[in-house]
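Protein chains in written order, with UniProt numbering: chain A, 1 to 316; chain B, 1 to 316.
Comments concern the structure below.
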């Protein structure tokens, strides 16, 4: 049976090398990628793998430079850039070249510039093709009992495309363009776990972010392209749940909810039963609440730093 | 009057460029430094500025390579290396070349290898000469009141060498070789603020780390050498303080204690009244407790990442 250490759980999501601790590995990796740019902004906005760049049929409002390994989206205004990306991706979706686009979501993800203005919006399913930063929100609903803290975990529906049947946080999801973290968590908590919106609004607390840089493996890709880059930033929320409240599945994203104590959760983490980024949110919760301590966790300092990676691209 | 944003407060301590967001600036900076090594370990353990390397009178158990910009301490065993560093630093202290060594503490700081074994111990006052990672522990003592959270802050004695008269956390300090975070925070809370050890032991919670990479400016240097490198990792502790307990100065490190509400604290932060790294511990507390929110703080994502920097050197 597999047994994961906490650091190994972090490494399952935070796979991209670090420039400051592995400069040679980092330089090799980065030099193999194309840099995604939009007109008028000097910042790199995402990393693209060569197979992706070669796979696209690029309309002429894209400038692809194979020498400098850059992919530039031309367009003077946000609206123009949005339309051009939409047109490009709609054509690719029809052409069925990228398996990833089979999971089309009809949901736009924002790409921010260094001044935090949105530079372009990209269909969610396509975001790993461009390697842009994805934003999410995750909720840890906990109950204070005489025998210690317990946490509501959910099991993902067995028909979900990614990580079917695995354990998940109390609620959570991606954040589409225009979404704000607070309103998103209120919505997700209601939609996925039937939490009363007023209760969440009044009691939920944002407790920071968890950020990491993933290279999508077979499990994340779920039958689509592997090796795509996925930097992600998750706003983490804590919610003390009244003892008599039981979350119930509402939109069928979750199959069921379980109230587990800390040893049960830690055993499930070690067995690798949690969806990979949900494990990170739980580890961050354990650290913030003094459940994982530096005395007991030899990788404490590295884990805390890697749960809060500073990403290479401008962020929200 | 100066007004600092929260991000500017972070930037006061986290001054070293980031390889992933400013590769050219980072490469220029790093190429100007000497790398500190010890025999038998491939890892870089600290960055040293050329003026420091030229200022030392190196005994022959040191190998200084000006071409490759490396400073290597030879010695097969920990004991041998410790004695050699002690001898070198004792001589430098007598020679009075480095002003920094005038603040001799008679306290050893550990230098860890990648497997977390201690490779060598170095006098605390000398640690910025080698640019090694320093470890500290800071306590935020808070009181839950009807009108919200309040926090006990201390004012540093006006005769302290560094940051005299500035505001500080409830308690805190450096962690010498052999110290463990938990026992250190119990000790500091008792010594600096007269907290009963049993109460702290039972109620204090480690809530993560705050880490940053500083380049020591005039204020940190306090009349000694400027431009030295100081990466630091602080274990942060939260302690709920009973309403009727009033911390009192014990060892005269602190002059006085004040129970401040959040707006008062935020105003003092904005005015730059806190010792620079104490401001970071407070910001981290505010984030973990939902006091600073992504909706109100536009630099939220960057601040969270930079409060938890992954350092270039092996850590505890």
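Don't be surprised by glycine CBs; every beta carbon is placed ideally from N, CA and C.
This structure is a prediction, so every number in the text was calculated from the model and none was measured.
Listed by chain order, chain B residues near residue 301 of chain A by CB distance under 8 Å: By Cβ distance, chain B contributes 209, 211, 233, 315, 316.
Tell me, please, which residues DSSP counts as bridged to residue 206 of chain A. A:237.
What three-state label does DSSP hand residue 281 of chain B in the structure shown? Of the three classes helix, strand and coil, the one that applies to residue 281 of chain B here is helix, per DSSP.
Alpha helix (DSSP H) runs contained entirely in the segment 215-272 of chain B, provided each spans 4 or more residues: Entirely contained in the segment 215-272 of chain B, the alpha helix (DSSP H) runs reaching 4 residues are, in chain order, 218-221, 262-270.
Secondary structure of residue 274 of chain B, DSSP reduced to three states: Of the three classes helix, strand and coil, the one that applies to residue 274 of chain B here is strand, per DSSP.
Which bits of chain B does residue 180 of chain A rub up against, with CB to CB less than 9 Å? Chain B residues near residue 180 of chain A: 294, 295.
Residue 209 of chain A beta carbon less than 8 Å from that of residue 97 of chain A: Contact: no.
Give me the Cβ distance between residue 109 of chain A and residue 124 of chain A, rounded to the nearest whole Å; I'm assuming they're in contact under 8 Å. That pair is a contact at about 5 Å.
Which ranges does the alpha helix (DSSP H) cover as unbroken runs of at least 4 residues, wholly within the segment 35-73 of chain A, from first to last along the chain? Counting only runs of 4 or more, we get 50-55.
Check residue 91 of chain A in the structure and name its three-state DSSP category. When secondary structure is reduced to three states using DSSP, residue 91 of chain A falls in the helix class.
Distance cutoff 8 Å, beta carbons only. Does residue 20 of chain A sit that close to anything in chain B? Yes, residue 20 of chain A counts as interfacial toward chain B.
Below 8 Å on the Cβ atoms is my guess for residue 175 of chain B versus residue 137 of chain B; work out the distance and round it to an integer in Å. Yes, residue 175 of chain B and residue 137 of chain B are in contact; Cβ-Cβ is about 6 Å, under 8 Å.
Looking at the secondary structure, which residues open and close the alpha helix (DSSP H) in which residue 29 of chain A lies? 23-31 is the span of the alpha helix (DSSP H), which, as asked, contains residue 29 of chain A.
Following the continuous beta strand (DSSP E) through residue 123 of chain A, name the residue where it begins and the one where it ends. In the DSSP annotation of this structure, the continuous segment of the beta strand (DSSP E) that includes residue 123 of chain A starts and ends at 118-123.
Mind checking which residues open and close the alpha helix (DSSP H) that includes residue 301 of chain B? Where residue 301 of chain B is concerned, the enclosing alpha helix (DSSP H) stretches over 300-306.
Excluding five sequence neighbours on each side, which residues of the same chain lie with their C-beta closer than 6 Å to the C-beta of residue 314 of chain A? For residue 314 of chain A, the CB contacts under 6 Å within the same chain, skipping 5 residues up- and downstream, are 43, 112, 113, 114 in chain order.
For residue 75 of chain A, name the three-state secondary structure that DSSP assigns. Correct three-state label for residue 75 of chain A: coil.
Using 7 Å as the cut-off, classify the Cβ of residue 221 of chain B as near or not near the heavy atoms of the ligand FMN, replying yes or no. As for the ligand FMN, it is missing from this structure, which has no ligand bound.
Find the residues of chain A that neighbour residue 308 of chain B, judging by a C-beta separation of less than 8 Å, and give them in chain order. Simply 304, 305, 307, 308.
Among B:45, B:215, B:253, the one whose alpha carbon lies nearest that of residue 121 of chain B: Ranking the options by Cα distance to residue 121 of chain B, first place goes to B:45.
Determine the contact status of residue 310 of chain A and residue 305 of chain B, defining contact as a CB-CB distance below 8 Å. Yes, the Cβ-Cβ distance between residue 310 of chain A and residue 305 of chain B is below 8 Å.
Excluding sequence positions up to five away, which residues of its chain have a Cβ less than 8 Å from the Cβ of residue 252 of chain A? So the qualifying residues of the chain are 157.
Using the Cβ count rule (16 or more neighbours within 10 Å means buried), how would you classify residue 91 of chain B? In the assembly as shown, residue 91 of chain B is an exposed residue. Its beta-carbon has fewer than 16 other beta-carbons within 10 Å.
For residue 134 of chain B, write down the residues that DSSP places opposite it in a beta bridge. For residue 134 of chain B, DSSP records a beta bridge to B:232.
Three or more C-beta pairs closer than 8 Å, one from the segment 234-248 of chain A and one from the segment 191-207 of chain A: is that the case here? In short, these stretches touch, since the Cβ pair count reaches three.
Based on Cα-Cα distance, which residue from B:151, B:102, B:128 lies nearest to residue 241 of chain B? The option with the nearest alpha carbon to residue 241 of chain B is B:151.
Any C-beta of chain B sitting closer than 8 Å to the C-beta of residue 116 of chain A? So yes, residue 116 of chain A belongs to the interface.
Could you check how far apart the C-beta atoms of residue 35 of chain B and residue 70 of chain B are, in whole angstroms? I think they sit under 8 Å. Right, their Cβ atoms sit about 5 Å apart.
Interface residues of chain B facing residue 298 of chain A [CB-CB closer than 7 Å]: Chain B residues near residue 298 of chain A: 116.
Would you kindly work out how many angstroms separate the C-alpha atoms of residue 217 of chain B and residue 72 of chain A, rounded to a whole number? Approximately 40 Å, taken between the alpha carbons.
Examine chain B for any beta-carbon lying closer than 8 Å to the beta-carbon of residue 288 of chain A, and answer yes or no. Yes, contact with chain B.
Is residue 184 of chain A buried or exposed, if buried means 16 or more other CB atoms sit within 10 Å of its CB? Around the beta carbon of residue 184 of chain A, 16 or more other beta carbons sit within 10 angstroms, so the residue counts as buried.
State yes or no: is the beta carbon of residue 225 of chain B nearer than 8 Å to at least one beta carbon in chain A? Interface residue (Cβ-Cβ distance to chain A less than 8 Å): residue 225 of chain B is not classified as such.
According to DSSP, is residue 144 of chain B helix, strand or coil? Strand at residue 144 of chain B.
The segment 3-27 of chain B: positions lying closer than 7 Å to chain A by Cβ: Identification of residues in the segment 3-27 of chain B having a C-beta nearer than 7 Å to some C-beta of chain A yields 18, 19, 20, 21, given in sequence order.
From residue 102 of chain B to residue 86 of chain B, what distance separates their C-alpha atoms? The straight-line gap from Cα to Cα measures roughly 15 Å.
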